[in-house]
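Participant: The structure is given below, and queries will be raised subsequently.
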Amino acid sequence: MAAMRAMIVKEFRELVRDRPTMALLIVPPLVLLIVFGYAANFTVHNINVEVMGPAAARVAPHFAAPLGVSRVDPGATRADAVAALRKSKADVVVVTSDSGPPVALVDGSSLFTAQSAVPMLHQVPGLQVEVLFNPALKTSWWMVPALVGLIMTFIGTIVTSLGLVRERQAGTLEQLAVMPLSPADVIIGKIAPYFLLAAVNMVVVTALGALLFGVPFAGNVGMFAVGSALFLLVVLGLGVLISTVSQTQAQAIQSALILLLPQIVLSGMIFPLAAMPWGVRWIGYLLPLTYYIEISRGVMLRDAPLNALWLAMLVLVVMAVLVLGTAILRFRRDLAPNVKQAKHHAANRVTSTS
Amino acid sequence: MIYGCRDLSVKLHGAPTLALTEVSVQVPPGAVTAVVGGDGAGKSTLLRCLVGEIVPTDGVVQRPSKAEVGYMSSSSGTWSELTVNENIDFVAGAYGVRGQALSMRRRQLLRGTGLDHAGSRLAGQLSGGMRRKLGFVLASLHRPRLLVLDEPSTGVDPVSRVELWRLIAEAAADGAAVVMSTTYLDEAERASSILVLDRGRAVLQGATDEVMASVPGRIVEVEIPSDRSRAWRRGRIFHQWLPAGATESGRGVRVTPDLEDAIIVEMLGAGR
């Protein structure tokens with residue numbers, strides 16, 4: 134009994150000092166409670182409708198909540214309607230004409246919004262419904278572009294942080310610090326392989342998504358590549374950042390999981406952001422995956438133009454600069470203590486001779 | 359050029375006390391300087407300061423440029439997921455050792471350390487002793503002007519220790535200034551000069567021969583010491599220190615003090 138008691142006391146002491154494990158015990162249950170309590174909702178309560186064409190003013194009053202008409206434009210055409218959907222300015226655009234029945238064009242790339250909207254639109258008398266970008270409202274078309282981001286997040290944060298912490302744990306980081314390598318040599322040398330690996334993974338998953346599930350790639354490959362590269366820089370930065378606060382690989386995995394979990398549930402990957410109350414939705418807007426998903430779904434499914442995705446791109450640029458910059462500064466401190474401490478120790482002098 | 363440090367003090371992050379207090383040591387080229395001390399004495403901290411991995415709180419460090427420093431950390435500093443040859447390739451690349459020079463140096467060092475048949479083995483699969491020998495190979499690969507070795511022989515079998523010491527002596531003979539920490543006093547005795555650390559302070563230092571020769575009083579070998587506070591076990595018998603002017607005489611056989619005796623006498627508070 135005494136031996137067991139000693140074992141229990143020892144375990145508690147170790148647990149209390151293991152901060153990442155403590156965080157894992159506290160944060161995920163809270164996140165899960167909040168997310169599944171408030172955010173896990175597939176039903177969208179506000180569906181943004183625009184009505185266009187000559188009969189727009191006559192048709193617009195037929196829509197009731199949750200279908201909310203935000204714009205009535207008698208001068209706009211079907212092409213304008215498709216463009217508005219491509220740019221995600223509306224969930225549904227109703228195109229009217231003088232002769233034929235009005236047609237509701239639904240953005241199928243917003244799966245759950247479309248699934249909520251279509252039955253309601255069918256109840257509007259004389260309205261034809263046409264789903265664009267994902268006509269069969271397939272879940273796989275909605276998930277694959279997001280999964281590309283999730284896989285890059287996984288490699289970028291977990292695998293990168295593990296690679297760096299392994300160096301620290303093995304004691305070889307101090308070896309690198311005294312070798313004639315600049316911090317840039319080490320940092321770029323360390324993260325470049327993961328960048329390439331994640332990029333290859335991204336291409337493979339996108340190609341497999343097309344082959345296995347018929348997910349289209351409607352948009353500009355270059356824009357997708359730029360968005361993916363920006364996102365990769367953010368998640369690689371998160372990986373480096375985790376490695377600077379983790380002493381062991383187990384701690385790195387725990388920290389990465391704590392970062393990964395909210396990205397899965399609050400980024401709009403599974404549950405639509407539009408269905409979340411603002412109390413939790415704002416967290417989603419702080420997560421890089423939210424913006425990457427906007428880009429990947431936009432490019433792959435809707436052929437969204439740059440002027441529709443520039444904000445997401447800009448946010449990723451800002452995040453990349455902040456996260457990667459902080460991570461590099463912290464990592465650099467491990468590698469170049471001279472730079473870090475020289476300012477603080479004016480009395481200290483180092484004489485190098487050759 | 360003599361490398362080393364002067365009046366070095368180090369306070370590690372979060373530590374309540376100084377890890378090193380006003381420590382000075384000179385590391386001349388062509389010689390081996392041994393840093394001796396118990397666990398937590400500050401040996402590794404001193405060596406890490408010498409190579410620039412820790413910035414001292416105060417004091418002056420004299421060292422060559424990074425490219426001319428070789429360092430073997432206490433963890434051997436080898437990459438376990440790389441083979442022996444790949445470890446060498448990586449370090450050679452970082453120090454700019456290439457072509458014929460690399461081939462010759464690789465052959466020479468692997469043969470000297472007995473690792474010539476282990477080139478394709480993963481470093482992580484080597485025994486602790488072999489890994490430390492690989493650590494020495496990596497540290498000395500580029501013929502550094504200052505070679506810093508943190509407990510190079512810890513965990514190495516006695517035969518390999520002899521081989522390792524031969525390589526260290528060769529590096530010094532080639533002109534390198536070698537400084538190594540060790541807990542083995544017989545090993546430290548072979549160094550040209552020593553520095554003994556205790557709780558971050560230098561308690562004894564100088565040319566090894568002089569340190570051993572300058573023990574005050576006498577050391578005698580006894581089976582049963584008359585004063586246990588001044589005696590220490592050496593195998594089956596005791597050595598006992600009789601300070602200069604001690605009245606006790608005629609008991610025990612007088613012995614020539616070795617480094618262990620010199621250090622213990624110093625620690626007993628003999629002063630100098």
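Chains as they are written, first to last, in the numbering used here: chain L, 134 to 487; chain D, 359 to 630.
Even for Gly, the Cβ is constructed at its ideal location relative to N, Cα and C.
#1: With 8 Å as the threshold, decide whether the Cβ of Glu-411/D is near any Cβ in chain L.
#2: To the nearest angstrom, report how far apart Asn-440/L and Lys-220/L are at their CA atoms.
#3: By the criterion of Cβ-Cβ separation under 8 Å, what are the contact partners of Tyr-453/D in chain L?
#4: Hey, would you say Ala-214/L sits closer than 8 Å to Met-185/L, going by beta carbons?
#5: Does the count of Cβ pairs from the stretch 160-178 of chain L and the stretch 188-197 of chain L closer than 8 Å reach three?
#6: Is Gly-627/D close to chain L? Criterion is C-beta to C-beta, closer than 8 Å.
#7: Which residues, taken in chain order from the stretch 305-338 of chain L, show a beta carbon closer than 9 Å to some beta carbon of chain D?
#8: Where Phe-218/L and Arg-435/L are concerned, what is the direct C-alpha to C-alpha distance, given to the nearest angstrom?
#9: According to DSSP, is Met-402/L part of a helix, a strand, or is it coil?
#10: For the alpha helix (DSSP H) containing Gln-261/L, list its first residue and its last residue.
#11: Where Gly-417/L and Ala-172/L are concerned, what is the direct C-alpha to C-alpha distance, given to the nearest angstrom?
#12: Look up Phe-596/D in the DSSP assignment and give the residues it is bridged to.
#13: Could you say which of Pro-162/L, Pro-187/L, Val-149/L lies nearest to Asp-231/L if we only look at CA atoms?
#14: Could you please give the first and the last residue of the uninterrupted beta strand (DSSP E) stretch that includes Met-185/L?
#15: Quick one: Cα of Asp-240/L to Cα of Leu-254/L, how far?
#16: When you compare only the Cα positions, how much space is there between Leu-244/L and Thr-272/L?
#17: Return the chain-ordered list of same chain residues with a C-beta closer than 8 Å to the C-beta of Gly-610/D, the five sequence neighbours on each side being excluded.
#18: Quick check: what's the CA-CA separation for Val-348/L versus Ala-269/L?
#19: Comparing C-alpha positions only, which one of Asp-474/D, Val-381/D, Gly-362/D, Leu-467/D sits nearest to Leu-555/D?
#20: Please tell me whether Ala-303/L has its Cβ less than 8 Å away from any Cβ of chain D.
#21: I believe Thr-566/D touches Ile-552/D by the beta-carbon criterion, under 8 Å. Please report the beta-carbon distance rounded to the nearest angstrom.
#22: May I ask which residues mark the beginning and end of the alpha helix (DSSP H) holding Ile-621/D?
#23: Just checking, does the stretch 302-309 of chain L make contact with the stretch 273-281 of chain L on the three C-beta pairs under 8 Å criterion?
#24: Answer with buried or exposed for Gln-563/D, where buried requires no fewer than 16 other C-beta atoms within 10 angstroms of its C-beta.
#25: Using only CA atoms, which one of Ile-291/L, Leu-163/L, Val-142/L, Ile-167/L lies nearest to Pro-410/L?
#26: By Cβ distance, which residues of its chain are closer than 7 Å to Thr-436/D, with the 5 residues on each side in sequence left out?
#27: I need the straight-line Cα distance from Met-433/L to Met-335/L, nearest angstrom please.
#28: Looking at Leu-363/L: is its Cβ nearer than 8 Å to the Cβ of Val-450/L?
#29: So, Leu-457/L versus Leu-329/L, is the Cβ gap smaller than 8 Å?
#30: Whose Cβ in chain L lies nearer than 8 Å to the Cβ of Gly-435/D?
#31: Just grab the DSSP bridge partners of Met-538/D for me.
#32: What do you get for Ile-360/D, buried or exposed, if any count of 16 or more other CB atoms within 10 angstroms of its CB means buried?
#33: Please name the residue, chosen from Arg-524/D, Thr-375/D, Ser-539/D, Arg-479/D, that lies closest to Val-385/D on a Cα-to-Cα basis.
#34: Would you verify that the beta carbon of Lys-491/D is, or is not, closer than 8 Å to some beta carbon of chain L?
#35: Using a Cβ-Cβ cutoff of less than 8 Å, which residues in the same chain neighbour Gly-360/L once the five nearest sequence positions on both sides are dropped?
#36: Could you name the residues of the stretch 399-430 of chain D whose beta carbon sits closer than 8 Å to any beta carbon of chain L, in the order they occur along the chain?
Facilitator: The short version:
#1: Yes - at least one Cβ of chain L is within 8 Å of the one on Glu-411/D.
#2: In this structure, the straight-line span from the alpha carbon of Asn-440/L to that of Lys-220/L is close to 8 Å.
#3: Met-312, Pro-313, listed in chain order.
#4: yes
#5: no
#6: no
#7: Thr-305, Glu-307, Gln-308, Leu-309, Ala-310, Val-311, Met-312, Pro-313, Leu-314, Asp-318
#8: Correcting the residue type first, residue 218/L is Leu in the shown sequence and not Phe. Between Leu-218/L and Arg-435/L, the C-alpha separation is close to 8 Å.
#9: coil
#10: Per DSSP, Gln-261/L belongs to no alpha helix (DSSP H); it is in the beta strand (DSSP E), 261-265.
#11: 10 Å
#12: Val-580/D, Arg-591/D.
#13: Pro-187/L
#14: 180-185
#15: 13 Å
#16: If you draw a straight line from the Cα of Leu-244/L to the Cα of Thr-272/L, it comes to about 7 Å.
#17: Val-578, Glu-579, Val-580, Gln-598
#18: Those two C-alpha atoms are separated by around 11 Å.
#19: The shortest C-alpha separation from Leu-555/D is found at Val-381/D.
#20: yes
#21: Under the criterion of beta carbons closer than 8 Å, Thr-566/D and Ile-552/D qualify as touching, at roughly 5 Å.
#22: In the DSSP assignment, Ile-621/D falls within the alpha helix (DSSP H) that extends over 617-625.
#23: Here the stretch 302-309 of chain L does not lie against the stretch 273-281 of chain L, with fewer than 3 beta-carbon pairs under 8 Å apart.
#24: Classification for Gln-563/D: buried.
#25: Ile-167/L
#26: Asn-445, Ala-481, Arg-489, Leu-492, Gly-493, Leu-496
#27: 13 Å
#28: yes
#29: The answer is no: Cβ separation not under 8 Å.
#30: Gly-304, Thr-305, Glu-307, Gln-308
#31: Ala-392/D, Leu-507/D
#32: exposed
#33: Ser-539/D
#34: no
#35: Setting aside the 5 residues that flank it on each side, Gly-360/L is surrounded in the same chain by Tyr-425, Ile-428, Ser-429, Val-432, Leu-442, Ala-445, Met-446, Leu-449, each with a C-beta closer than 8 Å to its C-beta; the list follows chain order.
#36: So the close ones are Arg-406, Val-409, Gly-410, Glu-411, Ile-412, Val-413, Pro-414, Thr-415, Asp-416, Gly-417, Val-418, Val-419, Gln-420, Arg-421, Pro-422, Ser-423, Lys-424, Ala-425, Glu-426, Val-427, Tyr-429.
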